[in-house]
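>
Residue numbers (this note's numbering): 77 to 877.
(1) By Cβ distance below 6 Å, which residues in the same chain neighbour residue 868 in space, the five residues on each side in sequence not counted?
(2) Report the partner residues of residue 482 according to the DSSP bridge assignment.
(3) How many whole angstroms separate the CB atoms of residue 557 and residue 501, which I take to be in contact at a CB cut-off of 8 Å?
(4) Please list the terminal residues of the continuous alpha helix (DSSP H) segment that includes residue 826.
(5) By DSSP's criteria, residue 166 is part of a beta bridge. Which residues make up the other side?
(6) Taking C-beta to C-beta, are residue 407 and residue 395 nearer than 8 Å?
(7) Could you tell me the distance, in whole angstroms, from the CA atom of residue 264 to the CA atom of residue 854?
(8) In terms of residues, what are the limits of the beta strand (DSSP E) holding residue 359?
(9) Compare the beta carbon distance of residue 874 and residue 838 with 8 Å and say whether it is the shorter of the two.
(10) Just verifying my parser: in three-state terms, what is the DSSP assignment at residue 302?
(11) Mark residue 134 as exposed unless 16 or more other C-beta atoms lie within 10 angstroms of its C-beta, in which case mark it buried.
(12) Out of curiosity, what's the CA-to-CA distance linking residue 177 and residue 417?
(13) How close, in whole Å, do the beta carbons of residue 649 and residue 630 come, if the pair is a contact with beta carbons under 8 Å?
(14) Select from 613, 679 and 607 the residue whose C-alpha is nearest the C-alpha of residue 639.
(15) Could you tell me the alpha carbon to alpha carbon distance between residue 815 and residue 800, rounded to whole angstroms?
(16) How should residue 618 be labelled, buried or exposed, when 16 other C-beta atoms within 10 angstroms of its C-beta is the threshold for buried?
(17) Where in the segment 308 to 392 do unbroken runs of the beta strand (DSSP E), each at least 3 residues long, occur, reported from the N-terminal end onward?
(18) Could you check the C-alpha separation between residue 715 and residue 279 for me, to the nearest Å?
(19) Hey, residue 173 and residue 359: beta-carbon distance below 8 Å or not?
(20) If distances are taken between C-alpha atoms only, which option among 643, 624 and 409 comes closest to residue 633?
(21) So, helix, strand or coil for residue 243, using DSSP?
(22) State buried or exposed for residue 467, treating a residue as buried only when at least 16 other CB atoms are found within 10 Å of its CB.
(23) Between 383, 432, 763 and 169, which has its C-alpha nearest residue 498's C-alpha?
(24) Return the CA-CA distance between residue 153 and residue 188, expressed in angstroms with no decimal places.
(25) Count the other CB atoms within 10 Å of the CB of residue 137; is the residue buried (16 or more) or exposed (fewer)?
(26) Is DSSP giving residue 549 helix, strand or coil here?
(27) Give every residue of the same chain whose Cβ lies closer than 6 Å to the Cβ of residue 577, excluding the five residues on either side of it in the sequence, and list them in chain order.
(28) State yes or no: is the C-beta of residue 246 within less than 8 Å of the C-beta of residue 691?
(29) Use the C-beta contact count for residue 527: other C-beta atoms within 10 angstroms, 16 or more gives buried, fewer gives exposed.
(30) Considering only C-alpha positions, which residue in the set 514, 446 and 306 is nearest to residue 565?
(31) Roughly how many angstroms lie between the CA atoms of residue 384 and residue 268, to the nearest whole one?
(32) Assign residue 265 to one of three DSSP states: helix, strand, or coil.
(33) Let me know the secondary structure DSSP gives residue 910 once reduced to three states.
(34) Residue 828 CB to nearest chain D CB: under 8 Å?
(35) On the DSSP letters alone, give me the boundaries of the alpha helix (DSSP H) that residue 249 sits inside.
(36) Are the beta-carbon atoms belonging to residue 470 and residue 510 less than 8 Å from one another?
As structure tokens, this is what we get:
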């Protein structure tokens with residue numbers, strides 16, 4: 077049979093499948109009463125089965141006529157919805173369970189809406205994956221309590237699993253491309269290697285967390301996106317609940333958790349640069365409805381637009397949840413990831429990439445290393461738990477614990493700069509062995525009280541962080557390379573280990589928070605005291621620092637009505653500085669403070685959330701060069717970022733989902749005595765200059781549309797555009813990197829309505845940078861620039877049952 081005939085048969089079957097798909101709509105609520113403009117109230121509760129086991133990823137609807145509010149239960153089976161006072165129809169659906177419906181009245185004194193589902197008749201069971209669209213209603217990241225986003229006095233955005241699936245990102249950076257105000261790939265095509273260090277938020281690099289605990293950023297743990305349940309981005313200082321960190325904020329990855337209903341998924345992927353991927357995700361009860369499991373695995377191999385880079389990965393994430401009763405949940409989370417080849421990315425000179433070079437243009441795929449030498453591999457193990465226990469009288473205790481062990485080995489060739497001909501690039505070899513271990517824990521108590529008209533939620537907690545890292549390294553000489561006519565596969569000697577460093581960090585913090593609700597007013601105040609011990613031994617030289625710091629955050633939200641909620645907040649942060657003064661004393665911690673004000677809008681009868689904010693953020697006590705003793709530092713530096721942002725998330729009519737954002741960021745060295753070398757070779761001051769690599773303007777728009785026609789039901793199309801504005805290429809602003817507008821898209825077909833063997837199948841193809849535009853993502857100096865990612869195409873075939 078010819079290939080042409082096979083394709084004709086395949087297309088014919090595909091068209092016949094389209095015609096067989098039915099058209100379905102959500103049922104409408106019975107008569108109800110809603111009072112637009114009245115006081116907004118929170119309806120919350122849990123969803124469990126008849127044994128008390130919590131059900132995750134259940135879809136919860138509050139309906140009034142044709143108006144629907146929607147949420148999805150989290151990893152603990154909790155849900156939260158914010159609606160005007162009135163009477164509603166509550167409907168809950170979960171895979172493998174009969175739908176649950178009841179009428180309820182939403183008011184300020186309504187009890188929690190706890191729901192128990194019954195198992196559906198096995199003969200009639202249809203297993204589906206509950207979806208919540210692009211709009212999240214609550215997040216525990218900002219407050220560590222179940223607080224609606226509308227009532228959180230700080231800018232926070234949530235990237236749901238539905239949005240992740242639609243965009244099919246292959247790294248954390250790609251998953252954050254449409255996050256408001258965030259530069260996801262500041263190091264261009266190299267960002268997937270550098271991961272969290274390539275992120276920029278409000279002019280700084282945010283901390284990367286996983287399940288509420290700080291990620292192993294120093295060890296560069298590359299957690300696969302297939303393990304994500306959702307991503308939360310909290311903008312601004314966050315030390316009050318999380319301890320040390322710069323004032324940018326936090327990016328938190330929430331891992332997939334076991335589900336109470338049976339769920340099975342296998343996925344095959346293929347794409348540009350020879351990418352082949354296989355994934356699986358299985359979950360459900362294990363022997364007993366009180367014991368739930370989830371087993372998720374990933375394997376892939378691919379190339380890269382950079383020559384000789386061929387990343388590979390094998391990873392598995394077993395999870396187990398024990399739910400002895402409706403008030404107790406203990407989840408064990410583990411992950412083992414082995415990257416036998418990560419890639420050794422390095423910057424390229426500005427001349428020939430971001431700036432003209434008389435010799436020509438440096439190839440986008442240029443590799444400054446050598447395949448005979450470069451080698452990088454990494455593995456890490458994570459073991460942890462998440463525990464929740466509820467008591468009577470609205471009292472709850474929670475715990476998160478995780479151990480991470482990371483091993484990293486790399487042989488790299490690093491560029492130093494052009495010789496006089498602007499074609500010959502000097503280089504050096506570098507070898508490193510890194511061992512990293514961490515123990516992280518966070519324990520907290522939550523208590524809710526009703527005193528007259530005031531409802532208060534108290535939070536008190538303690539967390540402990542232990543890091544131990546060891547480095548061994550060496551460097552050597554290597555022949556230079558002509559960037560326009562490179563020669564590879566040279567004999568290169570591996571340098572001997574010549575240096576070592578070990579670092580030990582212990583941090584203990586205790587914190588408290590009070591959230592009060594009085595009518596339409598929401599007030600919050602939080603404080604935290606941290607004690608930190610830092611010990612570093614580098615080639616026999618010992619540096620010790622003990623620091624303690626108190627940080628605060630306070631905020632207010634006023635629920636005007638009709639979904640409008642203006643807010644204001646003030647927050648502080650701190651981060652240790654290991655520099656030394658001329659007197660031999662350690663520097664005080666770098667501090668941050670931010671004033672933020674804005675308005676949030678969540679229409680009463682639409683699944684939408686819009687946030688607009690302005691902020692004034694300053695990082696102070698930044699270590700700068702001592703003018704009288706250049707080998708030492710003094711804490712007088714300050715970096716100030718001011719800006720405003722607008723973001724919107726919506727999922728309308730169950731067919732259209734949209735994410736859009738704009739951010740203006742003005743980030744400067746407001747106080748500095750450091751200098752830098754300009755493009756023309758002169759030495760200039762950084763005082764009053766913009767930070768390099770921080771675009772003044774960012775904008776993005778992504779929309780996903782599912783066609784309503786019965787003939788094409790299941791077919792959907794997505795389109796997106798990202799604008800990354802121009803940025804300065806060095807810290808003295810001697811040259812600029814132009815901005816770029818990029819276009820992305822996707823086409824998908826879901827067979828979930830098919831009653832035959834195709835039920836549960838989904839085909840999807842994604843493309844990013846559709847115009848295949850060549851651009852420079854950023855530069856940090858004349859010898860350090862990064863090309864952005866060119867056109868990539870990725871296809872997936874998924875089957876669920």
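Glycine included, C-beta positions come from ideal geometry on N, C-alpha and C.
So, to answer that:
(1) Short of 6 Å from the beta carbon of residue 868, and not among the five residues preceding or following it, lie these beta carbons of its own chain, in chain order: 348 and 844.
(2) Bridge partners of residue 482: 456 and 512.
(3) Going by Cβ atoms, the distance from residue 557 to residue 501 rounds to 5 Å, so yes, they are a contact pair.
(4) DSSP places residue 826 in no alpha helix (DSSP H) but in the uninterrupted beta strand (DSSP E) bounded by 816 to 826.
(5) DSSP, once it has assigned bridges, lists 138 and 178 as partnering residue 166.
(6) Yes, the pair counts as a contact, with Cβ atoms nearer than the cut-off.
(7) Distance between residue 264 and residue 854, taken at the CA atoms: about 7 Å.
(8) Going by DSSP, residue 359 is part of the beta strand (DSSP E) stretching over 351 to 362.
(9) Between residue 874 and residue 838, the CB-CB gap stays under 8 Å.
(10) Taken through DSSP and simplified to helix, strand or coil, residue 302 comes out as helix.
(11) Label assigned to residue 134: buried.
(12) So the alpha carbons of these two residues sit roughly 52 Å apart.
(13) In fact, because the Cβ distance is near 14 Å, the residues do not count as touching under 8 Å.
(14) Of the listed residues, the one whose Cα sits closest to residue 639 is 679.
(15) Straight-line spacing of the CA atoms in residue 815 and residue 800 works out to 5 Å.
(16) Of the residues assessed, residue 618 falls on the exposed side of the cut-off, its CB having fewer than 16 other CB atoms within 10 angstroms.
(17) DSSP runs (the beta strand (DSSP E)) wholly in the segment 308 to 392: 325 to 331, 339 to 347, 351 to 362 and 364 to 377.
(18) Looking at the two C-alpha atoms, the distance is approximately 9 Å.
(19) Taking 8 Å as the Cβ cut-off, residue 173 and residue 359 do not qualify as a contacting pair.
(20) Shortest Cα-Cα distance from residue 633 to any of 643, 624 and 409 involves 643.
(21) The answer is helix: DSSP assigns residue 243 an H, G or I state.
(22) Around the beta carbon of residue 467, a 10 Å sphere encloses fewer than 16 other beta carbons of the protein chains shown; the residue is thus reported as exposed.
(23) In terms of Cα proximity to residue 498, the closest of 383, 432, 763 and 169 is 432.
(24) Rounded to whole angstroms, residue 153 to residue 188 spans 13 Å at the Cα level.
(25) Classification for residue 137: buried.
(26) Reduced to three states, the DSSP call for residue 549 is strand.
(27) Cβ neighbours of residue 577 beyond the five flanking positions: 547 and 614.
(28) Between residue 246 and residue 691, the gap from beta carbon to beta carbon reaches 8 Å or more.
(29) Counting every other CB atom within 10 Å of its CB across the protein chains shown gives residue 527 a total below 16, marking it as exposed.
(30) When only C-alpha atoms are compared, the closest one is 446.
(31) Answer to the nearest angstrom: the Cα atoms are 16 Å apart.
(32) In the structure shown, residue 265 sits in a helix (DSSP, three-state: H, G or I).
(33) The question about residue 910 has no answer here: the residues shown for the chain are numbered 77 through 877.
(34) You won't find chain D in this structure, because it holds only one protein chain.
(35) Unbroken alpha helix (DSSP H) run through residue 249: 248 to 251.
(36) Contact flag unset, no.
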